[in-house]
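So the structure is just underneath, and the comments pick up after that.
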Amino acid sequence: MSKHHAPGQIVTPDELRAVAADGTKLRYALMELAGQIPDAITLGRGDPDLNTPEHVIAAARAAILDGRADLPVPVAGLPALREAVAENLRRDNGIPVQRDDILITDGGQEALYLLMQTLLDPGDEILVPDPRYTSYDEAIHQAGARMVLVPTYPEDNFDLRAAEVEAAITPKTKAILIISPSNPTSAVVSRANLTAIAEIARRHNLIVISDEIYEKYVYAPAEQISVAGLPGMFERTVTLGGFSKTYAMTGWRVGYVAAPADFIAALTAVKAATTGPLSAVSQYAALAAATGPQDVVAEYREIYRRRIELMKHGLADLGFSFGEPQGAFFVYTNAASSGIPAFELSYLLLREGHVLIFPGTAFGEKWVDWLRISVLQPEDQLALALERMAGVLARHR
Ligand SMILES: Cc1ncc(COP(=O)(O)O)c(C=O)c1O
Numbered sequence: 030m031s032k033h034h035a036p037g038q039i040v041t042p043d044e045l046r047a048v049a050a051d052g053t054k055l056r057y058a059l060m061e062l063a064g065q066i067p068d069a070i071t072l073g074r075g076d077p078d079l080n081t082p083e084h085v086i087a088a089a090r091a092a093i094l095d096g097r098a099d100l101p102v103p104v105a106g107l108p109a110l111r112e113a114v115a116e117n118l119r120r121d122n123g124i125p126v127q128r129d130d131i132l133i134t135d136g137g138q139e140a141l142y143l144l145m146q147t148l149l150d151p152g153d154e155i156l157v158p159d160p161r162y163t164s165y166d167e168a169i170h171q172a173g174a175r176m177v178l179v180p181t182y183p184e185d186n187f188d189l190r191a192a193e194v195e196a197a198i199t200p201k202t203k204a205i206l207i208i209s210p211s212n213p214t215s216a217v218v219s220r221a222n223l224t225a226i227a228e229i230a231r232r233h234n235l236i237v238i239s240d241e242i243y244e245k246y247v248y249a250p251a252e253q254i255s256v257a258g259l260p261g262m263f264e265r266t267v268t269l270g271g272f273s274k275t276y277a278m279t280g281w282r283v284g285y286v287a288a289p290a291d292f293i294a295a296l297t298a299v300k301a302a303t304t305g306p307l308s309a310v311s312q313y314a315a316l317a318a319a320t321g322p323q324d325v326v327a328e329y330r331e332i333y334r335r336r337i338e339l340m341k342h343g344l345a346d347l348g349f350s351f352g353e354p355q356g357a358f359f360v361y362t363n364a365a366s367s368g369i370p371a372f373e374l375s376y377l378l379l380r381e382g383h384v385l386i387f388p389g390t391a392f393g394e395k396w397v398d399w400l401r402i403s404v405l406q407p408e409d410q411l412a413l414a415l416e417r418m419a420g421v422l423a424r425h426r
C-alpha cells in the first residue's frame, strides 16, 4: 500500500475493502491510515506499549560494549539462553524440557512460520480455532496444507470446545493449533477442554501446536496450563513462546520453540538456511529478562488487568457485548448494536474519531460484527478513546 500513497493521502474505504479478505493486509492498511492522523489513539496492534525493563536494556548495552554483539552465535541460540528458557518452562509450566529441546527464533513470528514449514506436508490438514491470528493462515498455506477452522463461541467466552475439535478431525488431520490465551479473543482454554483435547490428540495420533506467547497475562480465576506439561503430551506437542509480550520486547524479536530435540534439530536446519541465528544483542537482553527479577511481569499484568476492566465498562456503556477476557490484552467485542458493519465502523472510528481498532474480519471472514480492541495505551488514553467512540456512534446511530 505504501507505494501507492503520498504522505497525507488517505486510504479510502474501497482500498481497504480490496484487502479486507486478507487479515494481515487489512491490519497493515489500517495502521498506515492511522499513521497519517497525528492524534490517533492506536488500539490496533498487539505490541505492548510498556517499557522494556531497565535491567534488560542494561544487559544489551553491556553486551555491545564488551564486544559480545559481534561474536558468532549458534543457529539454535545462545546455549545460556536456551538453558534459561528450558529451566523456566520446567519450573513455571511443568514441561520436561532440556536445552536441546529449545530453539531461539526471530520472534514468535519466525517460530510459527518455521514450524508450519517443517511439520506440514502438502495435503495435510491442521485444525485452527476461529477467530484467529491470521499470520498462521499464510504459514499453513505456504506449506501446501489446508487450514480447517474450529468454531469458538462468545457464550462460553470463546473456550475451545473439545467436541468441536474432535468433530473437525478427518483422516488427513495432522495437527491441532491451540492459542491460549488467544489473540484476538483473550480466551483461555479451560482445564476441562484442554485435557479432553490432549486425550483426543493421543487417541487420533495428532500433534498439538500450543502458542503460549501470552502465557504470563492470565487473569484469575483463569489459569494457564501448558499442553506439553500434561501427562504423555510432551512427545507430541510443539510449544511456541517468546519475549515480545511477556517483557514488552516486541522490537527485540526474541521467540522460541520448545519440542523434542529431533524436531528442534529439523527446525534449526531450516533456520540455518533462511535467517541464521538471532542477533546476539537481543539474545543477551532476553537472557537478562529470563534470569532476572520477574516482579515486573506481575506489575504489567496488573496494569493490563485494570485497563481491560476500564475498557469493558466503557464498551458496556456503549451497548457493546463481549466474551469475558481472561488473558492477553484484548477485548473482542460485538458492535452489532451500532447498526454499522464492524468493517465500516472501524473506518469511521479512525477517520472521524481518530481511534485505531481492528475489525473482526482481520481475524476471520465471518466476524463481521466484531472489533478487537488492544488495551495498549495508558488509562487516560483509553478513556479518551471511549469518549471519541461514543461521539462517532452518536453521529451515525
Ligand atoms: C498469537 C500470536 N503468536 C505469535 C505472535 C508473534 O509475536 P512476535 O513475533 O512479536 O514474538 C503474535 C503477535 O502478535 C501473536 O499474537
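Under this note's numbering, think of the first position of the sequence shown as 30, with each following residue one higher. Ideal Cβ placement from N, Cα and C applies to all residues, glycine included.
Report the option in the options whose CA atom is closest to the CA atom of residue i.
i      : options                        : result
Leu143 : Leu55, Leu296, Leu405, Asp99   : Leu296
Ile93  : Pro407, Gln312, Leu344, Lys341 : Gln312
Gly305 : Pro151, Lys245, Ile133         : Ile133
Ala105 : Phe358, Ala287, Leu413, Lys395 : Ala287
Arg336 : Asp291, Asp346, Thr303, Ile402 : Ile402
Leu379 : Arg417, Pro370, Leu344         : Arg417
Val237 : Val310, Gly382, Thr202         : Thr202
Asp240 : Met145, Ala364, Pro77, Ala50   : Met145
Leu405 : Ala290, Asn80, Thr53           : Asn80
Pro125 : Met340, Lys341, Phe263, Lys274 : Phe263
Met259 : Glu116, Asn122, Val397         : In the sequence on display, residue 259 carries Leu and not Met. Measuring from the Cα of Leu259, the nearest candidate turns out to be Asn122.
Asp427 : Ala257, Val217, Gly173, Phe372 : Nothing about residue 427 can be read from this structure; the chain reaches only from 30 to 426.
Phe27  : Gly52, Gly152, Thr266, Asp76   : Any question about residue 27 goes unanswered here, given that the chain covers just 30 to 426.
Ala115 : Pro158, Ala290, Arg220         : Ala290
Glu139 : Pro210, Thr279, Ala113, Ala50  : Thr279
Ala275 : Gly137, Ile205, Leu400, Asp398 : Per the sequence shown, the amino acid found at residue 275 is Thr instead of Ala. The option with the nearest alpha carbon to Thr275 is Gly137.
Find out if the Cβ-Cβ distance for the pair residue i, residue j is shorter than 8 Å.
i      : j      : result
Ala87  : Gly73  : no
Val179 : Glu154 : no
Leu385 : Ala69  : yes
Arg243 : Asn212 : The identity of residue 243 in the sequence shown is Tyr, whereas the question assumes Arg. It is a contact, given that the beta carbons lie within the stated cut-off.
Thr214 : Phe187 : yes
Glu316 : Leu110 : In the sequence under discussion, the amino acid at residue 316 is Leu, which differs from the Glu named in the question. Against a cut-off of 8 Å, the Cβ pair of Leu110 and Leu316 comes out as a contact.
Ile293 : Asp150 : no
Ala412 : Leu339 : yes
Ala345 : Asp398 : no
Phe372 : Asn363 : no
Leu141 : Leu269 : yes
Cutting at 6 Å between CB atoms, please list the residues of its own chain near residue i, excluding the five before and the five after it.
i      : result
Leu422 : Ser367
Ile226 : Ala191, Val194
Pro183 : Gly352
Arg56  : Phe387, Ala391
Ala172 : Met145, Gln146, Leu149
Thr71  : Ala63, Leu385
Ala314 : Val85, Ala88, Ala89, Trp281
Ser219 : Asp188
Val48  : Lys54, Leu55, Ala58
For residue i, I'd like the list of residues in its chain whose CB is within less than 7 Å of its CB, leaving aside the five on either flank, ordered along the chain.
i      : result
Tyr248 : Arg334, Gln355, Gly356
Glu419 : Sequence inspection shows Ala at residue 419; the Glu mentioned does not correspond to that position. Counting only Cβ-Cβ distances below 7 Å, and skipping sequence neighbours, we find Leu347.
Val310 : Ala89, Ala92, Ile93, Ala98
Ala425 : As written in the sequence, residue 425 is His, which differs from the Ala given in the question. Hits under 7 Å: Ile369, Leu377.
Gly261 : Arg231
Considering only residues of the same chain and omitting the five flanking positions on each side of residue i, which have a CB-CB separation below 8 Å?
i      : result
Ile198 : Leu156, Ile229, His233, Leu235
Leu307 : Val102, Gly106, Ile133, Thr134, Asp135, Arg282, Val283
Val360 : Ser215, Ile337, Met340, Lys341, Leu344, Phe351, Pro354, Arg401, Ile402, Val404
Asp43  : none
Pairing CB atoms from the segment 317-332 with CB atoms from the segment 386-400, are three or more of them under 8 Å? no
Check whether the segment 186-195 touches the segment 329-347, counting contact only when three or more Cβ pairs, one atom from each stretch, lie closer than 8 Å. no
Go through the segment 132-178 residue by residue and report every complete run of the alpha helix (DSSP H) that reaches 4 residues or more, in order. 136-148, 164-171
Three Cβ pairs or more, each shorter than 8 Å: is that satisfied between the segment 163-175 and the segment 248-257? no
What are the start and end residues of each continuous alpha helix (DSSP H) run of 4 or more residues lying completely inside the segment 352-395, in chain order? 371-380
Inter-stretch contact at 8 Å, needing at least 3 Cβ pairs: the segment 250-264 / the segment 96-104: no
Fully enclosed by the segment 256-286, which beta strand (DSSP E) runs are 3 residues long or longer? 266-271
Entirely enclosed alpha helix (DSSP H) segments - the segment 47-90, minimum 4 residues: 52-64
Mind listing, in chain order, the continuous alpha helix (DSSP H) runs of no fewer than 4 residues lying wholly within the segment 281-349? 290-303, 309-320, 324-347
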